[in-house]
Structure formats: C-alpha cells, structure tokens
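One structure is given here, and the rest of the page talks about it.
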Amino acid sequence: MATDSDPKTPTRRRFVQGTLRTAVGAGACGLGLGLFAAQSRSLPADALRPPGALPEDRFLSACVRCGLCVRACPYDTLKLADLGAGPAAGTPYYKARNIPCEMCEDIPCAKACPTGALDKHIGDIATARMGVAVIVSRDTCLNLQGLRCDVCYRVCPVIDKAITLEQTHNRRTGKHAVFEPVVRPDACTGCGKCEKSCVLAEAAIKVLPIKIAVGHQDAHYRRGWEEKTKAGHELVPGIIDLPDRLPEMKP
Amino acid sequence: MTARIPGRDAWAQHGFFRAHKYLIVRRLTQLGVLALFLTGPLAGIWIAKGTLSASLTFDLLPLTDPFVLLQSLAARHWPETTALTGVAIVIGFYLVFGGRTFCSWACPVNPVTDLAAWLRRRLGVEKGFSMRREARWLVALAVLAASAATGTIAWELINPVTLIYRVALFGTLAGLAVVVAVFVFDLVVARGGWCGHVCPVGTAYALIGKATLLRVSARGRVRCDDCLDCFAVCPENHVIAPALRGRDGAGPVIASADCTVCGRCVDVCPERVFSLTHRFDTRVDAAVPPPPSAAGRPAPAALEKV
Ligand code: SF4
Ligand code: SF4
Ligand code: SF4
Ligand code: SF4
C-alpha cells in the first residue's frame, strides 16, 4: 500500500502518538487534580473559617491562600492549613479549642482579604457566623449536672443573646435547680470563646459548622398555637378535646 | 576525555564574575524577594505580607498572581478590586520586563530545578522522557478545567511556587514533599520538565511574555564557534537556535516567550555572543577577523588547563 512506502508515515505516526500521549498525560493531570480538589472541599468539623467567610463551596473559589488574613489577626487565631492537615491546603482556619476568635470590633482579618473570600463589608462582628456552639455532651457539662460552672456563659462576647442559662428543675435531687446553658443559633457568632474556656478536659460545648449544627423546619409546617394567636381565634372551631393519655395509664 | 563543563571557558577567559554575573544577581534577587517577606515573621519588620499568590507591600502595593486569579475566574468567583488591581500591576510589569523573568528571577522553584539540571549535567543523566512543548498549554487548560469543575482554585493545593513561600513564612512543612517531588521529576524523569513543560504558573507568564519588551539578543552571533555551552545551560534551549543561527533571515533577538531571560547564556558564552536588550533591537555585530592571542585574551595554552 501507498502508506507503507510513504516516508512520512513513521514521523507522522510518532507525531500523532506524541500528541496523544501529551493530551492524555495533561488530561490525567487535570483529572487527578480535580479529584484531589473535590476531596479537599470537605472541611473538618472542628476547623472554622474567619469571620465574613463566604459559604465553604464558594470560599474555595475565592481564597488565593495568601495568608493576609492570618497576618492581620492580632491574636494569632488564624492558621494556614498545611498539606494534608484537613482544610484545603493553604486556606485559613482556626480551631476554637486552640485559639478562639476574639471578635475584633474592626475585623482586621476580613479587611485584609484582597479577593472577597472574606467579606470586608461585614460591618458588625456580631453578625459574623463562623459556626454555632452546641452542648455536645449533656452528661458531662457541669451545669447540666446541677453544679454552677457557668464559664461558657460568662465568657460569651454576646452573653444573654447567644447563650443563656435556662433554669429547670433538678430531677436528681428533687429540690434544686439546673442552670442549663442554651445557645441561640440566630445570635451565636461561633467565635469559640465558650469551647475554649470549658473547664473539662474535653469540652462539653463545641462550635460546629452551621451546616451540621442548625436544622431547618420545612416551610409548609404551621404551628397551630402560633397561628391561633395570629388569627385571634380557634382555627378549627368546635373541635372535641379528648382526654390526654399518659403511658402508665391503663386503657 | 572528560565531558566539557559548560561555562568553564567563559570563566577562564573572562573571570569568575563575568561568567556568573546573571546567575549571582538572579540568586540575590530570588533571596531578596523572599527576604522582603521574611523580615516580618522573623524580625517584626513588615515589608511584604502574604505570599506570591497575593501580597501587600508597605501596606500599599497589592500584587496578585495572574494564574491564581484566572483559576478563581474559572471557578466563577469575581474577585475584589484589590486582587484585580494587583493582577493588573503584575501583568503591566511583566509586559515590559520579560514575562517568564518571573520564573528565573522571582520564583523560588527556580533554584530547585536549576540544581536538578546542574546535577543532571554533572552526573550525565540521560535526557529522559521527552515532553512536548505544547504540554504546558494543555496542562494549564486541564488545571483550569479542574478549577471550573470543582469550583475551587485547584492548583493552589499543590502549587510549589506558593507552597515554598508558605513553608518559609507560615511553617506549613508538609508542603516540602511537593518540592522534593518536583526536584526528583526534573532530575530523573524529564530534563527541565517541571518549569518547561508542566508548571501552569510559568505558562501564564509565558503568555504575558509574548509581547514583552525585555529580551536577550544573540547580537554577536558571527563570533559563535559552536561550543554549545549556551544550549547546555539554557533551561529552554529550543529558543536559542533561530536567533543564534539566523536562518531564513531571523533577527538576533530571542523572540520565544519560553525564554526566561535568566541570562545564563550571556554568562557562559566564551565569545560574548549574547546580551540583554529590548525586542526591537536588530543590531548585529559585524564579522571581525579572529583577534590575535595577545589582544587581551588568554593564549590557547591557558584554555587547555581547564
Ligand atoms: S475577628 Fe479578630 S480575633 Fe477573630 S479572626 Fe479576625 S482578626 Fe482574629
Ligand atoms: S486574606 Fe482572603 S484570600 Fe488571603 S488567605 Fe485569607 S481568606 Fe484567603
Ligand atoms: S461561640 Fe460560644 S462564646 Fe461565641 S458567641 Fe457562640 S455561644 Fe457565645
Ligand atoms: S535563551 Fe538565555 S536567557 Fe533565555 S532562557 Fe535560555 S539561557 Fe536563559
């Protein structure tokens, strides 16, 4: 055949093979990098982003890992993630139990960010939402045992709004009160001062990512008692009120 | 017979400094750039903050790496003005001063790959896996695709350019693994492989360098005696031949954007063929009769010793 005698064929074949090999190689690089990038999108639950950070999926498209926010933080709170440390390599994060965010009024970290990964227009630090504190260990929290520790409550920069002490009956002694620390997700900034200062060796209160710690009620649920107050009267008039049954009652 | 060591002739004829001038100035510049960042964490004197991906100098001058920003755009984030100003300044600078001059004058990976290349020459490592020059464009495109697909600035996960700075400035030591990998890649897998064929950061600078002003010229090409020292030291040696040989009426200026303007060819050429100039400089030296050995140049006997 003519192709066999064509002196160009081996060169051409080598060219095509070379091009193919290069394209496949580059494609494999891209694929590998993509998979690695996809994997490093998950943020460990104890790593918190600086105030004003975009939601995690958008944060990774914006943060160039320059560390200017880290440099701006006067409390050495923020760190840049090392390769394999958990958060995507080079991105800023903090661990509340190590050094919490002191909630600087002028928010220097967000102001320093050149890319908008941190919103420099966040304004009031109390509107920052870095995470939400949760009592994760009800059977070790001293207050929940009926003691008066109160430390997490007292250190909270948004005291009485983000965290309150709710007085309930102490069922163990039968005559004392329990002052239960209750966090309000709509006011908690996630700064982590409470987690940092919990007196237990392993904190009973921890700041978790909002996505994990906060649930949402479906929009179509209505609370009858609220609707009743709104409407000013019974919603279903003439409803028969059956006697309540408690488990120990015989039918 | 031992292999010829490139640069030794220039050293013998013109002295150590002239045979290493650009190399020395380059190493000092690379260290100087790092020092601007290091004085802060080490001594509390803050000159430049951040890393090579984005920085702020004297709390005034923002700089942003073009390829990082490109990935951010691919991941569909429109950055703040500060980052955009920074990238405009960087592009403006390298449009004048050589594009890939970033690679040879500022990038901290350069000493690493230079060391690999030097070891390769000394150990006589085979050229190895030959990669296509177009590979770098495909790699850059693949990285941008990965950024777009994952919505992240993907290359920054493993980018050795900024990793070295993060290691030095923020103590994230695990990043050194990538640097070691790059060194091994250049030493045993492909000659000049990383900077010349893979690194997409350099590719972005090469793109800027396509129209850049600062260039190297083989102005004295008539004097070339084919010792091939420049080819041996040049990290991108395909760029030299057109300008040096002047085939098909090619001008003396090394036009390829792959040239990093490292100036090594200027240093090692015993005939002083190369010089730094601007891209529109068409001057070529006239042919001169070979100078008599008494005219300030060492006699051939002196050359034999090296
Ligand atoms: S608000 Fe202040 S303490 Fe908190 S991360 Fe920013 S700079 Fe650091
Ligand atoms: S300053 Fe902004 S871009 Fe830089 S590391 Fe911090 S969050 Fe990322
Ligand atoms: S994290 Fe703790 S200390 Fe900080 S605002 Fe929330 S409840 Fe208060
Ligand atoms: S041509 Fe000269 S200046 Fe350009 S990269 Fe090669 S050795 Fe360096």
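Protein chains in written order, with the UniProt record's numbering: chain R, 1 to 251; chain A, 1 to 306.
Don't be surprised by glycine CBs; every beta carbon is placed ideally from N, CA and C.
The continuous alpha helix (DSSP H) containing V201(A) extends over residues P200 to G209.
Taking 8 angstroms as the cut-off, the beta carbon of P209(R) is found closer than this to the beta carbon of L43(R). Beyond the five residues adjoining it in sequence on each side, G192(A) comes within less than 6 angstroms, by CB distance, of P235 in the same chain, given in chain order. Between A142(A) and chain R, the shortest Cβ-Cβ separation is below 8 angstroms. Contact between L138(A) and T22(R) is confirmed by a C-beta separation of about 6 angstroms, below the 8 angstroms threshold.
When beta bridges are read from the DSSP output, E166(R) appears opposite E180(R). By the CB criterion at 8 angstroms, F102(A) and Y205(A) fall inside the cutoff. Using a CB distance cut-off of 8 angstroms, I91(A) does not count as an interface residue toward chain R. Within chain R, no residue has its beta carbon less than 9 angstroms from that of E271(A); the closest one is some 35 angstroms off. In chain R, no part has a C-beta under 8 angstroms from the C-beta of H238(A); the shortest such distance is about 15 angstroms.
For G50(A), the uninterrupted beta strand (DSSP E) run begins and ends at A48 to G50, by DSSP. The residue from S130(A), F129(A) and L115(A) with its alpha-carbon nearest to that of L123(A) is L115(A). Residues of the same chain with a CB within less than 7 angstroms of the CB of K49(A), apart from the 5 flanking positions on each side, are G40, S55 and L56 in chain order.
At a cut-off of 8 angstroms, the C-beta of F170(A) has a neighbouring C-beta in chain R. Using a Cβ-Cβ cut-off of 8 angstroms, D186(R) does not count as an interface residue toward chain A, since no Cβ of chain A sits closer than that to its own. Pairing C149(R) with L78(R), the inter-Cα distance amounts to about 29 angstroms. Between A81(R) and A88(R), the beta carbon gap of about 7 angstroms places them in contact (Cβ cut-off 8 angstroms).
Relative to the non-hydrogen atoms of ligand 1, the Cβ of P235(A) never comes closer than 7 angstroms to any of them.
Following the DSSP letters along the chain, one finds V134(R) inside the beta strand (DSSP E) bounded by residues V132 to I135.
In the DSSP assignment, K111(R) falls within the alpha helix (DSSP H) that extends over P108 to A112. For V253(A), the three-state secondary structure derived from DSSP is strand. Using a Cβ-Cβ cut-off of 9 angstroms, L244(A) is close to nothing in chain R; its nearest Cβ partner there is about 25 angstroms away. Under the 10 Å beta carbon count, Q39(R) is surrounded by fewer than 16 other beta carbons and is classified as exposed. When Cβ-Cβ separations below 8 angstroms define contact, L165(R) makes no contact with chain A.
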